[in-house]
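Chemist: Protein chains in written order, with the UniProt record's numbering: chain V, 1 to 248; chain F, 1 to 222.
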Amino acid sequence: MKLFLKIWRQKDASTKGQMVDYTLDGVEGDMSFLEMLDILNEDLINKGEEPVEFDHDCREGICGTCSLQINGEPHGPDRLVTTCQLHMRKFNDGDTIVIEPFRAKAFPVIKDLIVDRSSFDRIQQAGGYISVNTSGNTVDANAIPIEKHAADSAMDSATCIGCGACVAACKNASAMLFTSAKVSQFAQLPQGRVEATDRVMNMVRQMDLEGFGNCTNTGACEVECPKGISLENIARMNREYLAASVKG
Amino acid sequence: MSGLIKSSIARKLVMALSGLFLVVFLTQHFVINFTSVIAPETFNQWSHFMGYNPLVQFVLQPILIAGVVIHFVMGFILEAQNKSARGVSYVKYNGGANASWMSRNMIYTGLVVLAFLGLHFYDFWVHEMAYKYVEVKAEDPTRYHAETVEKFAPIWRTLLYVVSFVLLSLHLWHGFASSFQSMGVNNKYSPVIQKIAKIFAVVIPLGFAFIAIYHHLNPITH
Numbered sequence: 001m002k003l004f005l006k007i008w009r010q011k012d013a014s015t016k017g018q019m020v021d022y023t024l025d026g027v028e029g030d031m032s033f034l035e036m037l038d039i040l041n042e043d044l045i046n047k048g049e050e051p052v053e054f055d056h057d058c059r060e061g062i063c064g065t066c067s068l069q070i071n072g073e074p075h076g077p078d079r080l081v082t083t084c085q086l087h088m089r090k091f092n093d094g095d096t097i098v099i100e101p102f103r104a105k106a107f108p109v110i111k112d113l114i115v116d117r118s119s120f121d122r123i124q125q126a127g128g129y130i131s132v133n134t135s136g137n138t139v140d141a142n143a144i145p146i147e148k149h150a151a152d153s154a155m156d157s158a159t160c161i162g163c164g165a166c167v168a169a170c171k172n173a174s175a176m177l178f179t180s181a182k183v184s185q186f187a188q189l190p191q192g193r194v195e196a197t198d199r200v201m202n203m204v205r206q207m208d209l210e211g212f213g214n215c216t217n218t219g220a221c222e223v224e225c226p227k228g229i230s231l232e233n234i235a236r237m238n239r240e241y242l243a244a245s246v247k248g
Numbered sequence: 001m002s003g004l005i006k007s008s009i010a011r012k013l014v015m016a017l018s019g020l021f022l023v024v025f026l027t028q029h030f031v032i033n034f035t036s037v038i039a040p041e042t043f044n045q046w047s048h049f050m051g052y053n054p055l056v057q058f059v060l061q062p063i064l065i066a067g068v069v070i071h072f073v074m075g076f077i078l079e080a081q082n083k084s085a086r087g088v089s090y091v092k093y094n095g096g097a098n099a100s101w102m103s104r105n106m107i108y109t110g111l112v113v114l115a116f117l118g119l120h121f122y123d124f125w126v127h128e129m130a131y132k133y134v135e136v137k138a139e140d141p142t143r144y145h146a147e148t149v150e151k152f153a154p155i156w157r158t159l160l161y162v163v164s165f166v167l168l169s170l171h172l173w174h175g176f177a178s179s180f181q182s183m184g185v186n187n188k189y190s191p192v193i194q195k196i197a198k199i200f201a202v203v204i205p206l207g208f209a210f211i212a213i214y215h216h217l218n219p220i221t222h
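(1) Would you please verify whether the beta carbon of Lys171(V) is less than 9 Å from any beta carbon of chain F?
(2) Just the Cα atoms here: how many angstroms apart are Ala146(F) and Ile220(F)?
(3) Using 8 Å as the threshold, is the region 29 to 48 of chain V in touch with the region 78 to 90 of chain V, meaning 3 or more CB pairs across them?
(4) How far does the alpha helix (DSSP H) with Phe4(V) in it extend, from its first residue to its last?
(5) Pull up the DSSP beta-bridge partners for Asp21(V), would you.
(6) On the DSSP bridge assignment, give the partners of His87(V) in chain order.
(7) My output table needs one value for Gln188(V): the three-state DSSP class, helix, strand or coil.
(8) Considering Cα atoms alone, identify which of Leu20(F), Met15(F) and Ser103(F) is closest to Val73(F).
(9) Using a Cβ cut-off of 8 Å, which residues of the region 88 to 111 of chain F contact any Cβ in chain V, in chain order?
(10) Give a yes or no on whether the minimum CB-CB distance between Gly72(V) and chain F is below 9 Å.
(11) Determine whether the Cβ of Asn124(V) lies closer than 9 Å to any Cβ atom of chain F.
(12) Give a yes or no on whether the minimum CB-CB distance between Met36(V) and chain F is below 9 Å.
(13) Following the continuous alpha helix (DSSP H) through Lys227(V), name the residue where it begins and the one where it ends.
(14) Between the Cα of Asp55(V) and the Cα atoms of Arg117(V), Leu5(V), Ala220(V) and Cys221(V), which residue gives the shortest distance?
(15) Should Phe4(V) be labelled buried (16 or more other beta-carbon atoms within 10 Å of its own) or exposed?
(16) Grouping DSSP H, G and I as helix and E and B as strand, with all else coil, what is Lys247(V)?
(17) Name the DSSP beta bridge partners of Pro205(F), please?
(18) Starting from the C-beta of Met1(F), find all residues in its chain whose C-beta is less than 6 Å away, skip the five residues before and the five after it, and write them out in chain order.
(19) Looking at the structure shown, is Met1(F) part of a helix, part of a strand, or coil, going by DSSP?
(20) Find out if the Cβ-Cβ distance for the pair Leu117(F), Asn172(V) is shorter than 9 Å.
(21) Among Asn214(V), Phe186(V) and Ile234(V), which one has its Cα closest to the Cα of Ala141(V)?
(22) To the nearest angstrom, how far is the alpha carbon of Asn82(F) from that of Val167(V)?
(23) Using a Cβ-Cβ cutoff of 8 Å, what residues of the region 187 to 213 of chain V are near chain F? List them in chain order.
(24) Whether or not the region 56 to 69 of chain F and the region 179 to 196 of chain V are in contact is what I'm after, with contact meaning three or more pairs of Cβ atoms, one per stretch, closer than 8 Å; do they touch?
(25) Give a yes or no on whether 9 Å exceeds the smallest Cβ distance from His71(F) to chain V.
(26) Are the C-beta of Val113(F) and some C-beta of chain V separated by less than 9 Å?
(27) Just to confirm the assignment, what range does the beta strand (DSSP E) spanning Ile110(V) have?
(28) With DSSP run on the structure shown, which of helix, strand or coil describes Glu240(V)?
(29) By the three-class DSSP mapping on this structure, what secondary structure does Thr158(F) have?
(30) Between Val98(V) and Pro108(V), how many whole angstroms is the CB-CB distance? I'm expecting something under 8 Å.
(31) Grab me the residues of Leu26(F)'s own chain with a C-beta within less than 7 Å of its C-beta, minus the 5 sequence neighbours each way, in chain order.
(32) By the DSSP assignment, the alpha helix (DSSP H) with Val98(V) in it spans what residues?
(33) May I have the straight-line CA-CA distance separating Ser18(F) from Arg122(V), to the nearest angstrom?
(34) Suppose you measure from the CA of Gly75(F) to the CA of Pro190(V); what does that come to, to the nearest Å?
(35) Check whether the Cβ of Met1(F) lies closer than 9 Å to any Cβ atom in chain V.
Structure representation (structure tokens):
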């Protein structure tokens with residue numbers, strides 16, 4: 001199929017970017033979105049032009065590296081997939097596809113479609129862990145009995161790959177879904193309860209410091225999340241935060 | 001106030017609690033107003049009570065005004081912060097693909113309701129304040145029903161009220177149900193809570209619109 005692409009090109013973080021039009025022929029429905037961009041880049045390289053920079057790594061939907069706002073939606077129009085899992089059969093011959101980087105003040109553009117998502121790393125570093133003494137007396141995690149429902153729910157929260165689609169989709173560029181998933185994956189387990197108060201206070205403080213917007217419960221994040229992280233996580237984080245604030 | 005707006009979750013909670021408070025107010029306002037249709041005598045009695053009871057006038061009324069002010073000031077603060085959090089706007093943003101129109105346009109529906117409050121205060125509250133404290137007229141427990149019905153004689157005012165109630169309904173459709181999520185309530189009862197909140201969001205504004213239209217169509221003839 002033949003596609004008309006409008007792609008955000010930006011030389012570096014300090015240069016102003018703009019949309020550039022490309023026409024690409026010979027795209028197959030079985031290709032992934034990233035393979036389509038690979039073909040475009042091969043064309044550009046053969047013509048001696050600068051290829052389009054975009055993030056990718058595992059290309060099987062588990063690493064959270066690929067991003068892209070495709071026709072106004074993070075990871076494109078399909079549900080529960082990352083951009084690398086998005087097939088070109090979701091588009092039609094002659095379609096115009098608008099491709100932009102994830103937009104948020106806390107996700108500054110590095111080049112073209114690549115954004116700096118290290119703000120997520122800093123939120124994790126603020127409390128997204130449990131402290132374990134590893135000096136030879138580590139206890140086996142499975143030695144503590146955990147109710148199956150809690151274990152399953154914590155695992156659901158832990159499936160967040162930190163791609164940033166929630167921020168990109170949210171009209172407020174809020175990072176509540178990501179942060180709440182990372183709070184929730186520990187909050188539901190006995191190992192995580194030990195530092196639960198400090199964790200939620202510190203992670204929310206870091207999230208606010210990074211300049212993400214406020215959640216207004218539109219639910220866009222949940223719909224666009226490639227891993228189906230639910231709004232229940234945000235409600236849980238709200239409860240955890242309010243309880244932690246009362247405890248002081 | 002500065003402490004409240006420091007944390008994004010505290011800001012959510014302030015919006016939720018002030019919004020829920022206004023929902024409670026709307027309910028009692030609707031119940032009293034509805035008596036103007038079914039029992040004008042009762043409407044007169046209750047209106048007189050609300051207008052002259054010191055607890056209502058000097059305690060509840062200031063709390064209500066504070067609730068309204070906190071809700072819309074916080075709404076403006078959130079909107080400004082949220083706009084700035086995006087940084088560079090998308091060339092194409094398909095908001096309708098993943099969120100309802102109501103949830104994405106709370107600021108606009110809220111602004112219309114706020115503008116309506118201005119008109120509503122001018123129509124009734126300013127009039128009452130002038131009656132009681134400027135013109136210092138004698139108490140008359142029988143005047144409220146006739147005064148209210150007369151207000152809806154002009155079609156333009158009735159229409160403005162009805163349009164505002166539609167926007168209020170859209171605002172409540174997202175706001176009421178959403179306040180529970182902000183307070184951390186998301187459990188097996190949530191689907192029922194959401195349903196009740198949405199029924200409220202339709203029924204109460206519809207009721208207010210009915211009252212306005214009823215009085216427009218049934219003027220008092222002497």
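For each residue, glycine too, the CB sits at the ideal point set by N, CA and C.
Modeler: Working from what's here:
(1) Cβ-Cβ to chain F under 9 Å: yes for Lys171(V).
(2) 7 Å
(3) yes
(4) Element bounds for Phe4(V): not the alpha helix (DSSP H) but the beta strand (DSSP E), Leu3 to Arg9.
(5) DSSP, once it has assigned bridges, lists Lys6(V) as partnering Asp21(V).
(6) As a beta-bridge residue in DSSP terms, His87(V) pairs with Ser32(V).
(7) coil
(8) Met15(F)
(9) Val88, Ser89, Tyr90, Val91, Lys92, Tyr93, Asn94, Gly95, Ala97, Asn98, Ala99, Ser100, Ser103, Arg104 and Met106
(10) yes
(11) As written in the sequence, residue 124(V) is Gln, which differs from the Asn given in the question. It does not: the Cβ of Gln124(V) has no partner Cβ on chain F nearer than 9 Å.
(12) Answer no: the Cβ-Cβ gap between Met36(V) and chain F never drops below 9 Å.
(13) That residue, Lys227(V), is in no alpha helix (DSSP H); it is neither H nor E in DSSP.
(14) Arg117(V)
(15) exposed
(16) helix
(17) Pro205(F) pairs with nothing; no bridge assigned.
(18) Caution is warranted here: a pLDDT of 43 is assigned to Met1(F), below 50, making its placement in the model unreliable, and the coordinate value is therefore given only provisionally. For Met1(F), where only same-chain residues beyond five positions count, there are no Cβ hits under 6 Å.
(19) Here the model assigns Met1(F) a pLDDT of 43, short of 50, so the residue's position is not dependable, and the following value carries that caveat. Note: Met1(F) maps to coil in three-state DSSP.
(20) no
(21) Phe186(V)
(22) 11 Å
(23) Within the region 187 to 213 of chain V, the qualifying residues are Val204, Arg205, Met207, Asp208, Gly211, Phe212 and Gly213.
(24) Contact fails: fewer than three Cβ-Cβ distances are below 8 Å.
(25) No - not a single Cβ of chain V is within 9 Å of the one on His71(F).
(26) no
(27) Val109 to Lys111
(28) helix
(29) helix
(30) Going by Cβ atoms, the distance from Val98(V) to Pro108(V) rounds to 20 Å, so no, they are not a contact pair.
(31) Ile204
(32) Here Val98(V) belongs to no alpha helix (DSSP H); instead the beta strand (DSSP E) covers Thr96 to Glu100.
(33) 33 Å
(34) The C-alpha of Gly75(F) lies about 38 Å from the C-alpha of Pro190(V).
(35) Summary for Met1(F): the model assigns pLDDT 43, below 50, so the residue's position carries little reliability; its value from the coordinates is reported in the next sentence. Not an interface residue.
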